[in-house]
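A.B. asks: Residues in the sequence shown are numbered consecutively from 0, following numbering that gives the first Met the number 0. Please find one structure pasted underneath; my questions will follow.
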Amino acid sequence: MIARLLRRRPRVAIAMLVKNEARFLAHHLRHHHALGAEACWIFFDGSTDGSTAIAAAHPWVESFLVDPGQSARFPYIADLQRACMDFSVRRARERGIDWLLAIDPDEFIDPGPGAGAGPWLRDRLARIPSNTWMVRFDVREAVPLHAPDRPWFESHRWFQTRPGWPRSLHHPLKNLSTLWTEYLGHNQGKAAIRTNAPAQAYDAHRWTAAQWAALPLRPEYAVLPTESGGILRHFPITGPEHWLEKYRSFNREPAVWICQKPVEPPKQWWKELAAALPAEEASAYYRQHVAAAPDALAQACREGWVEEVPDFARRLAGLPPAPLAPASPPPPPQRVDFSTHLTGVPVWENLPPGDWSPALLPPARLRGFHPVELLRRRACRWAGPGAAILLAVPPGSHQGCLDTGGLAPKNQLRHTRLRLEAPGWQLRTAPGQSRRGSRLEFHLTRNADSPSEAWLEIEAPPFPLPAGETRDLRLPVTRFTLKSD
């Protein structure tokens, strides 16, 4: 009890990219302010529905206007969201904010039925261990209703709890149909990041280890310590008008993702239909093909795909304001400049001493390595024949280690050798080289008058591969450590 009383509640801010979200914005701001968010940075991407006036009515909100030319630089909305997230986390550090939650206006953190009054979000983040950098909120998606007759937060009481619920999708203009078992929106949730973490935004849903790259590696390959924080209620479609507005706005995006994979049917088909159908026909299409019919909804509840949350409107509207410090009236919206987004930031062209995930080893510093992949839930780079790492260290003595994460058989590690041939560089191997469990350790010395770089070569026997595997893989490397004495 004493520890709980002495624990400092962290300071929390939220960041949002907004375009015509007036139906959600006032409820969203009041709800998350009550949960403990003391600052909010909203980036308006051409809103024309009064959203900017709603934001201006909340003194704790700071608004930014994204210039149309700036917005056009980002082919995907998610890319613009990443820029907003990285901008916001820098601003949060300047303001002494501890956590930043990137979220959309149609998404609401659910404190649960017994939360009561008080800054629930601050209390939840106060319980996160200090070595955890990211907190994920798992999504529960509101089911589009056949005939919503009340405000969205009162009528939408049914939420899909997991992927797998089979629904038919139709594209009448192309005479196409398919069975869809995923969420209609997304199932990735949203994340809060500790602002002192070495991280950058990967997409609108996740953060990844900071690489200061315009196209960072996937979070699976540049892992941040993460913990689940709770539930996020997502309202992707609340009626025919909302469906039409939302998917017409998506028409700015290409029909393929940046990896050249086609955009999935719900999003791609619906943005094509929203652009082609008149409002009356679009409304009829929504009722027939988008909204869940009452009998289908009842069956999904019985089968466990959907849960009913009858009191969510009370949780949303009934939270009293949290006792936060009073704020002065908000300044007028500012123009935001993303022209320097992820430019002018030092890139890791050298390999300084440190503790490196294999995903973050600069490719220019590698030779004979295969790309990063997951093996038994571990991210590794495969050393092939002639594998080597280009070292750049100051003169002096250094301790190094190659870690296989337990993926390499002991016999293979026993027959692995390290070599370094450069004037003024000394690599101590046996007996200085030792093998402790899954690690291959070494000691390195560089003289003051020696070349500043040298290749550390890895000679390993072939990795025992399954039958039919044709690649010549040698050693899985999950970690590379190089520290000065």
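All C-beta atoms in this analysis are idealised placements derived from N, C-alpha and C, irrespective of residue type, glycine included.
Could one say the Cβ of residue 382 lies closer than 8 Å to chain B's Cβ atoms, at least one of them?
C.D. replies: The structure shown contains no chain B; it is built from a single protein chain.
A.B. asks: Whole-angstrom Cβ separation of residue 262 and residue 256, contact assumed at under 8 Å?
C.D. replies: Contact flag correct, Cβ pair sits at about 6 Å.
A.B. asks: Is residue 194 closer than 8 Å to residue 124 when the C-beta atoms are compared?
C.D. replies: No, Cβ-Cβ distance for residue 124 and residue 194 is not below 8 Å.
A.B. asks: Can you grab the Cα-Cα spacing for the pair residue 210 / residue 302, in whole Å?
C.D. replies: If you take the alpha carbons of residue 210 and residue 302, they lie about 44 Å apart.
A.B. asks: Quick check: what's the CA-CA separation for residue 475 versus residue 463?
C.D. replies: Cα to Cα, residue 475 sits roughly 11 Å from residue 463.
A.B. asks: CA-CA distance, residue 466 and residue 33?
C.D. replies: Near 59 Å, if we compare the C-alpha coordinates of residue 33 and residue 466.
A.B. asks: At 4 residues or longer, and completely inside the stretch 200-264: list those alpha helix (DSSP H) runs for me, N to C.
C.D. replies: Qualifying alpha helix (DSSP H) stretches, in chain order: 239-248.
A.B. asks: Label residue 484 either buried or exposed according to how many other C-beta atoms from any shown protein chain fall within 10 Å of its C-beta, with 16 as the threshold for buried.
C.D. replies: With fewer than 16 Cβ atoms within 10 Å of its Cβ, residue 484 is classed as exposed.
A.B. asks: Smallest Cα separation from residue 61: which of 17, 72, 23?
C.D. replies: When each option's Cα is compared against that of residue 61, the closest is 17.
A.B. asks: Nearest-angstrom Cα distance between residue 313 and residue 104?
C.D. replies: Cα-Cα distance, rounded: 18 Å.
A.B. asks: Taking the C-alpha atoms as reference points, what is the distance between residue 77 and residue 482?
C.D. replies: Going from the Cα of residue 77 to the Cα of residue 482 covers about 38 Å.
A.B. asks: How is residue 311 classed by DSSP in three states: helix, strand or coil?
C.D. replies: Residue 311 falls in the helix class under three-state DSSP.
A.B. asks: Would you kindly report the start and end of the unbroken alpha helix (DSSP H) that includes residue 457?
C.D. replies: Per DSSP, residue 457 belongs to no alpha helix (DSSP H); it is in the beta strand (DSSP E), 452-458.
A.B. asks: I want to check one thing, is the minimum distance from the CB of residue 457 to the heavy atoms of the ligand HEM below 7 Å?
C.D. replies: Ligands displayed in this structure: none; no statement on the ligand HEM is therefore possible.
A.B. asks: Are there three or more Cβ pairs, one per stretch, closer than 8 Å when the stretch 134-143 is compared with the stretch 235-245?
C.D. replies: Taking 8 Å as the limit for Cβ pairs, the verdict is that the stretch 235-245 does touch the stretch 134-143.
A.B. asks: In chain order, which continuous runs of the alpha helix (DSSP H) of length 4 or greater are located wholly inside the stretch 140-172?
C.D. replies: Entirely contained in the stretch 140-172, the alpha helix (DSSP H) runs reaching 4 residues are, in chain order, 151-154.
A.B. asks: Comparing alpha-carbon positions, which option in 252, 223, 305 lies nearest residue 166?
C.D. replies: Here the closest residue by C-alpha is 305.
A.B. asks: If you draw a straight line from the alpha carbon of residue 208 to that of residue 390, how long is it in whole angstroms?
C.D. replies: Taking the straight line joining both Cα atoms gives about 22 Å.
A.B. asks: Using the Cα positions of residue 189 and residue 458, report the straight-line distance between them to the nearest angstrom.
C.D. replies: One C-alpha to the other measures close to 43 Å.
A.B. asks: Roughly how many whole angstroms lie between the Cα atoms of residue 370 and residue 69?
C.D. replies: Those two C-alpha atoms are separated by around 34 Å.
A.B. asks: Tell whether a beta-carbon distance below 8 Å holds between residue 63 and residue 41.
C.D. replies: Yes, these two residues count as a Cβ contact at 8 Å.
A.B. asks: By the DSSP assignment, the beta strand (DSSP E) with residue 68 in it spans what residues?
C.D. replies: Segment 67-71 is the alpha helix (DSSP H) holding residue 68; no beta strand (DSSP E) there.
A.B. asks: Flag this pair as touching only if the stretch 153-162 and the stretch 181-188 have three or more C-beta atom pairs under 8 Å; answer yes or no.
C.D. replies: Because the criterion of three Cβ pairs below 8 Å is met, the stretch 153-162 and the stretch 181-188 touch.
A.B. asks: What residue range is occupied by the uninterrupted alpha helix (DSSP H) comprising residue 534?
C.D. replies: Nothing in the structure corresponds to residue 534, since the chain is present only between 0 and 484.
A.B. asks: Does residue 22 pass the burial test, meaning 16 or more other C-beta atoms within 10 Å, or should it be called exposed?
C.D. replies: That one is buried.
A.B. asks: Specify the secondary structure class of residue 480 as computed by DSSP and reduced to three states.
C.D. replies: Note: residue 480 maps to strand in three-state DSSP.
A.B. asks: Helix, strand or coil for residue 437? Go by DSSP, reduced to three states.
C.D. replies: Coil at residue 437, not helix or strand.
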